[in-house]
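Scroll down for the structure; my scribbles are underneath it.
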Amino acid sequence: MIVDILQLPPEVIEGIGHRLEPPENRKLRLVCQQIRQAIEPQAFETLYLTKRDLPWLLKRLEAYGSQTTRVGLFVKTLVIHIPTTGQETGMGRLKELFQRAIFSLRNVKALSWISGDLDPPWIVNILLAHIHSIVMEHFQVYINYGHTNFGAFKNIQNLRSFSFRSWPFTDAKDMSYASQIILNSPRLSNLKISTSCYTATSTAPRLHDFLPPRGCDPLPLETLALECLRILLDDITLPHFRSLKYLRIRNNLVNPEFGSTYTQIWDTLRQESIHLTTIDCNLGIVEEGLMAYLMSYQGTKSLEFDSEHQWYDSKKADVVAHRFFLEVVPKICQSLERLIVNTHISNGWCFSEETSEAFKSCKRLRELQVSIDVVGNETTESFEKVASGLKFLEKRTSREAIPWVDPWSKKR
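Following our numbering, the numbering of the sequence shown begins with 5 at its first residue and continues without gaps.
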């Protein structure tokens with residue numbers, strides 16, 4: 005009924021009101037007001053000023069400006085990606101509308117900014133002026149091809165969540181600015197760092213370059229995502245891991261200088277009794293160290309292993325996968341709620357009759373995403389036999405996502 009009412013044009017509802025008696029008309033207006041009050045905070049919770057083209061963005065800003073000033077009170081998240089076409093036509097109008105829209109916002113808690121080297125300087129000036137007028141808790145920045153004015157943001161303070169990403173290179177100055185923002189945020193609980201360095205040289209970015217140095221209070225981190233970094237867990241970095249619950253590692257840069265191997269990372273976490281509830285990493289680096297770590301404690305809730313189309317030793321994967329399903333899953337079955345294992349290669353990580361036995365003891369499992377080898381099970385009878393292994397999920401409120409493995413097209 006409510007959905008039907010919302011689909012009616014405003015003039016139709018107004019016309020209905022004119023046909024009603026005054027008491028019924030007041031009731032209709034009251035209902036419409038209550039619906040609006042319930043919907044507006046959700047409909048305008050996030051404002052997207054994102055890249056498509058300049059005319060489209062101008063049209064969007066003009067449409068936003070036509071809304072009641074009350075709308076600005078509902079926006080909690082601001083997402084910005086300004087088109088950098090290099091053209092001057094329309095930029096004056098864009099600046100005017102952009103500034104008007106930004107300063108209409110009073111309750112923004114999160115800013116997501118995709119910057120570029122061609123961004124006009126006035127964007128930074130407007131954003132900085134706005135940031136100083138609000139209490140921002142979440143900041144996500146993607147520095148695309150460098151930005152000469154990122155240093156202007158280094159004095160941002162008291163964030164709860166900070167995400168820093170750069171492409172195609174990570175400038176030392178940008179890293180120092182990001183490090184200063186982290187240092188200014190002693191209550192930071194969510195941190196994501198992604199550089200674009202894929203070579204494990206002695207000059208590659210380090211985790212030490214970002215975390216507060218020795219002598220500072222440890223950050224109360226609960227979520228940490230690291231990509232393309234040299235990761236060394238020592239007396240400087242380990243204190244920041246003590247309260248960690250979620251860890252995501254992609255493309256760990258292994259180097260003798262400030263660059264631990266994956267095994268060293270998992271061994272250190274196990275020895276220091278740092279018990280994660282969620283782990284997200286490349287499938288190719290699931291090995292003895294990680295499995296020993298998982299079997300050393302209770303409480304693992306979510307595991308995500310994704311091959312990301314990276315090739316790895318299939319024979320070795322068979323051995324590791326066999327041990328994971330045979331030994332690790334039974335150890336964590338009492339707490340496991342979510343498991344994602346995506347592989348683009350036909351190997352032991354693919355779902356089969358044998359692996360289905362490992363999941364039957366996982367009473368809390370609510371989300372399972374696995375890969376099925378459609379080439380190895382090309383007949384209907386064979387495929388149905390494998391798929392029947394998922395029947396144990398039928399009585400649960402689970403959702404199944406089953407990517408398929410085809411080594412010829414490399415698709416999942």
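Note that the Cβ used here is the ideal one computed from N, Cα and C, for glycine as well.
Can you say whether residue i is buried or exposed, counting buried as having 16 or more other CB atoms within 10 angstroms of its CB?
{"i": "Y149", "result": "exposed"}
{"i": "W117", "result": "buried"}
{"i": "V332", "result": "buried"}
{"i": "S356", "result": "buried"}
{"i": "L163", "result": "buried"}
{"i": "R23", "result": "exposed"}
{"i": "L122", "result": "exposed"}
{"i": "L34", "result": "exposed"}
{"i": "E404", "result": "Legend: pLDDT at E404 = 49, less than 50; position of this residue unreliable, value from coordinates given subsequently. So E404 counts as exposed."}
Please list, in chain order, all residues of the same chain as residue i whose beta carbon is under 8 Å from its beta carbon, the five residues on each side excluded.
{"i": "T203", "result": "L257"}
{"i": "P334", "result": "A362, S365"}
{"i": "L330", "result": "A362"}
{"i": "S413", "result": "Low confidence applies here, because S413 scores a pLDDT of 37, under 50, leaving its location unreliable and the question unanswered by this model."}
{"i": "K367", "result": "C337, Q338"}
Relative to the C-alpha of residue i, which candidate in the options has its C-alpha closest?
{"i": "S375", "options": "E100, I344, F143, Q144", "result": "I344"}
{"i": "Q144", "options": "S137, H85, L233", "result": "H85"}
{"i": "S108", "options": "I240, L51, D213", "result": "L51"}
{"i": "T174", "options": "F245, I186, A208", "result": "A208"}
{"i": "H348", "options": "I336, N111, L287", "result": "L287"}
{"i": "E100", "options": "G19, I127, R191", "result": "I127"}
{"i": "I106", "options": "G120, I135, N346", "result": "I135"}
{"i": "S206", "options": "H142, N259, L32, E276", "result": "N259"}
{"i": "K320", "options": "Y297, S350, S300, Q338", "result": "S350"}
{"i": "F262", "options": "L236, Y250, T281", "result": "L236"}
{"i": "E358", "options": "A325, I336, L372", "result": "A325"}
Assuming contact is defined by CB atoms lying nearer than 8 Å, are residue i and residue j in contact in what I supplied?
{"i": "I160", "j": "N188", "result": "yes"}
{"i": "S165", "j": "H142", "result": "yes"}
{"i": "Y250", "j": "R274", "result": "no"}
Who are the Cβ neighbours of residue i in its own chain at under 7 Å, not counting the five residues just before and after it?
{"i": "D213", "result": "M179, S183"}
{"i": "S200", "result": "S170, W171, P172, F173, T174, C232"}
{"i": "K177", "result": "G155"}
Taking 7 Å as the cut-off, is the CB of residue i close to at least one heavy atom of the ligand PLP?
{"i": "E292", "result": "Because no ligand of any kind appears in the structure shown, any question about the ligand PLP cannot be addressed here."}
Can you list, in chain order, the residues of its chain whose CB lies under 6 Å from that of residue i, leaving out five sequence neighbours each side?
{"i": "L307", "result": "I283, L343"}
{"i": "S167", "result": "Q144, K196"}
{"i": "I253", "result": "L230, C285"}
Are the C-beta atoms of residue i and some chain B residue less than 8 Å apart?
{"i": "K196", "result": "Absent here is chain B; the protein component of the structure consists of one chain."}
Three or more C-beta pairs under 8 Å: does that hold for the region 218 to 226 against the region 260 to 272? no
Inter-stretch contact (C-beta, 8 Å, three-pair minimum) for the region 287 to 298 and the region 227 to 241: No: fewer than three Cβ pairs fall under 8 Å.
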